[in-house]
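Enquirer:
Residue numbers (the working numbering), protein chains in the order written: chain A, 126 to 438; chain B, 126 to 438.
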């Protein structure tokens, strides 16, 4: 399988921040409880910006230094689009001033696994797009589907976006993607006959058990495909749902917190945005060197889960 | 480029039908006006069934005679999902009893071009899925985003679903996909801060002009890639938006109504479902023979447009 060459990254989070003490005034909770159960200290909550705006800001940063004419594909992973149509990807294309060039634009809906799925799709489509780049975005305005009176969910999530530009590469690449339909574990109704409210609901314990099972499964699947071991990997970037999930995984896999990058303390769970947001931040900090091998692991609503193993370039 | 082998098809439309005379009682319109402007006689409108249910029925028919263990990918093209999460594809996976096998499931949002886009994505992903099949579904419960007091849109759309199972093939295959972000031409707000209603709105004249430009563009693009002419093609299956659009195109291209299959008189515009619904119907009628070359053309909200040229097998 051909690899992916990472050309550039970008990320963005809204300025407005809610910390745990803010939530003490809103629902029956405490900073101590939130930190000990989730590892989250604060989250960014969009006030005037929408999912398109967040994704646009991340994408703008990702493409500022590249040859924009080479972009032939824009995928936006999101479960909180502004519109059923146009897609978030199309509206970001327009805002980036890229309407006049031939680009395939669509949104991909796979909840918190959306970015990993989208990288897999981009890698496959790039094989047929000679010399083109893919702009792969994860953007979520998840605050609009959060019930801020429900202490079980409202402290967990935040808004944000991340973007990567990738092209065909020669480095190692492996991908694993899996699903099992389940409406009880995680649910956010769209407009429908059901007249349900549109708030996200989650069976926390069930999702925790699911996560600590499928993250190692996904990591091991791509390691096996690439004929590598976890020792060969420089960073594992998990979907940033919960510190206790990630800690459980690296302990079970006899690895370390240093290898499992985390920024959930700053952003909370930003769904499909969490992995590209982390990659953008790591790239900005200079943590990612050419030749580094990284694994990105997504898991979430659907249920969906999966991982991509790739070489940083 | 490797081709696609079509393994099977299925389609489904809700039993409940609204004909043009029903609309005469609902809004200021007439059967004569609707038929002369659109070619539509009736449309199927779901009462108790949702987007998942419609897609499930089409998928169930498509997989009834195949080895279900070979399904490794389910893509559902839709702009009217039941949930922001789980995806329609995941819930169809569950209803089909396929939760226990490794399948990548996601929804793809590209409005009326969604099915053509999804075929392109499936063809690319299948190259990495040895010996697996993709179940590609288009499903729309578009009635839930229709304002039934708006005579400009309510007579045009209908609910339905279609599905195809495809595998890697050796026949000719070419694909062209393009977009240009545009919020004015076609719009259906999802949940957002904007507090807009969620009804679909459309600038009819603008969309008409767009359609008669991009359909020939898309057909010519895939013909050129495959080094074929329209004479080599057995059927062109356009997104079923409007008889006048399709007639304008086949006249402009010096082709015939016989080559441009139409069933919009029966279903109206079913968005991403229209092409697989037509393919399923044509397959059931025995119109599609092994070796036939067909072109599917999508166009719609985004704006998005594109075509797939493939050999029936």
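The beta-carbon is built from N, C-alpha and C at its ideal position, and this holds for glycine as well.
Just so you know, these numbers come straight off a predicted model, no measurement behind them.
What is the rounded straight-line gap between the Cα of residue 235 of chain A and the Cα of residue 379 of chain B?
Expert: Those two C-alpha atoms are separated by around 43 Å.
Enquirer: Quick one: what's got a C-beta closer than 8 Å to residue 278 of chain A's C-beta in the same chain, skipping five residues either side?
Expert: These residues qualify, in order along the chain: 271, 272, 324, 325, 326, 327.
Enquirer: To the nearest angstrom, how far is the alpha carbon of residue 306 of chain A from that of residue 350 of chain A?
Expert: Roughly 25 Å between the two C-alpha positions.
Enquirer: Judging by CA-CA distance, which residue of A:329, A:261, A:360 is the nearest neighbour of residue 366 of chain A?
Expert: Ranking A:329, A:261, A:360 by Cα distance to residue 366 of chain A puts A:329 first.
Enquirer: Identify whether residue 271 of chain A lies in helix, strand or coil by the three-state DSSP scheme.
Expert: Coil, per DSSP.
Enquirer: Taking the Cβ atom as the reference point for each residue, do residue 170 of chain B and residue 135 of chain B lie within a distance shorter than 9 Å?
Expert: No, Cβ-Cβ distance for residue 170 of chain B and residue 135 of chain B is not below 9 Å.
Enquirer: Are the beta-carbon atoms of residue 344 of chain A and residue 370 of chain A separated by less than 9 Å?
Expert: No, these two residues do not count as a Cβ contact at 9 Å.
Enquirer: List the whole-angstrom C-beta distance separating residue 288 of chain A from residue 242 of chain A, where the pair is believed to meet the contact cut-off of C-beta under 8 Å.
Expert: About 15 Å; that fails the 8 Å criterion.
Enquirer: To the nearest angstrom, how far is the alpha carbon of residue 407 of chain B from that of residue 434 of chain B?
Expert: Rounded to the nearest angstrom, the two C-alpha atoms are 16 Å apart.
Enquirer: Assuming contact is defined by CB atoms lying nearer than 9 Å, are residue 176 of chain A and residue 205 of chain A in contact in what I supplied?
Expert: A contact, by the Cβ cut-off of 9 Å.
Enquirer: With 9 Å as the threshold, decide whether the Cβ of residue 182 of chain B is near any Cβ in chain A.
Expert: Not one chain A Cβ lies under 9 Å of residue 182 of chain B.
Enquirer: I need the straight-line Cα distance from residue 221 of chain B to residue 145 of chain A, nearest angstrom please.
Expert: Approximately 43 Å, taken between the alpha carbons.
Enquirer: Taking only beta-carbon positions, decide if residue 239 of chain B is within less than 9 Å of chain A.
Expert: It does: the Cβ of residue 239 of chain B has a partner Cβ on chain A nearer than 9 Å.
Enquirer: Please return the same chain residues whose Cβ sits closer than 8 Å to the Cβ of residue 228 of chain B, not counting the five positions on each side in sequence.
Expert: Taken in chain order, the residues that qualify are 196, 197, 198, 199, 218.
Enquirer: Evaluate residue 186 of chain B with the Cβ neighbour count: other Cβ atoms within 10 Å of its Cβ, from every protein chain shown; 16 or more gives buried, anything less gives exposed.
Expert: Looking at its Cβ environment, which holds 16 or more other Cβ atoms inside 10 Å, residue 186 of chain B is buried.
Enquirer: By the criterion of Cβ-Cβ separation under 7 Å, what are the contact partners of residue 231 of chain A in chain B?
Expert: Within 7 Å Cβ-Cβ: 233, 234, 235, 242.
Enquirer: Could you tell me the alpha carbon to alpha carbon distance between residue 239 of chain B and residue 233 of chain B, rounded to whole angstroms?
Expert: Cα-Cα distance, rounded: 6 Å.
Enquirer: In chain order, what are the residue ranges of uninterrupted beta strand (DSSP E) at least 3 long that sit wholly in the region 357-394 of chain B?
Expert: Runs found: 360-363.
Enquirer: Have a look at B:403, B:304, B:357 and flag the residue whose alpha-carbon is nearest the alpha-carbon of residue 224 of chain A.
Expert: If we check each option's Cα against that of residue 224 of chain A, B:304 comes out closest.
Enquirer: Could you confirm whether any beta carbon from chain D is found closer than 9 Å to the beta carbon of residue 227 of chain B?
Expert: Looking for chain D here will not work: the only protein chains present are A and B.
Enquirer: Just how far apart, CA to CA, sit residue 411 of chain A and residue 309 of chain A?
Expert: Whole-angstrom Cα-Cα distance: 41 Å.
Enquirer: Give the C-beta separation of residue 372 of chain B and residue 130 of chain B to the nearest angstrom, bearing in mind that I take them to be a contact with Cβ-Cβ under 8 Å.
Expert: That pair is no contact at about 32 Å.
Enquirer: Taking residue 419 of chain B and residue 360 of chain B to be in contact with their CB atoms under 8 Å, please state how far apart those CB atoms are, rounded to whole angstroms.
Expert: The Cβ separation is near 5 Å, so the contact holds.
Enquirer: Report the neighbours of residue 212 of chain B on chain A: residues whose CB is nearer than 7 Å to its CB, in chain order.
Expert: Here the neighbours are 234, 235, 427.
Enquirer: To which residues of the same chain is residue 286 of chain A closer than 6 Å at the C-beta, ignoring the five residues directly before and after it?
Expert: Closer than 6 Å at Cβ, skipping near neighbours: 137, 179, 180, 183, 264, 398.
Enquirer: Name the residue from B:416, B:174, B:212, B:162 whose alpha carbon lies nearest to the alpha carbon of residue 276 of chain B.
Expert: Measuring from the Cα of residue 276 of chain B, the nearest candidate turns out to be B:162.
Enquirer: Going along the chain, which residues of its own chain have a beta-carbon closer than 6 Å to the beta-carbon of residue 385 of chain B, five neighbours each way excluded?
Expert: Excluding positions up to five away in sequence, the list reads 361, 371, 375.
Enquirer: How far does the alpha helix (DSSP H) with residue 177 of chain B in it extend, from its first residue to its last?
Expert: Per DSSP, residue 177 of chain B belongs to the alpha helix (DSSP H) from 176-188.
Enquirer: Could you spell out where the alpha helix (DSSP H) holding residue 149 of chain B opens and where it closes?
Expert: Counting along the chain, the alpha helix (DSSP H) containing residue 149 of chain B begins and ends at 145-149.
Enquirer: Which same chain residues end up closer than 8 Å to residue 427 of chain B when comparing Cβ atoms and leaving out the 5 residues on each side of it in sequence?
Expert: Excluding residues within five positions, the ones whose Cβ falls inside 8 Å are 235, 236, 238, 304, 305, 306, 307, 311.
Enquirer: On the DSSP bridge assignment, give the partners of residue 422 of chain A in chain order.
Expert: A:363, A:432, per the DSSP bridge assignment.
Enquirer: Express the C-alpha separation of residue 322 of chain B and residue 314 of chain B in angstroms, rounding to a whole number.
Expert: Answer to the nearest angstrom: the Cα atoms are 7 Å apart.
Enquirer: Residues of chain A with CB under 7 Å from residue 208 of chain B, in chain order?
Expert: 312, 313, 314, 315, listed in chain order.
Enquirer: Taking only beta-carbon atoms, is residue 421 of chain B less than 9 Å away from chain A?
Expert: No, residue 421 of chain B does not count as interfacial toward chain A.
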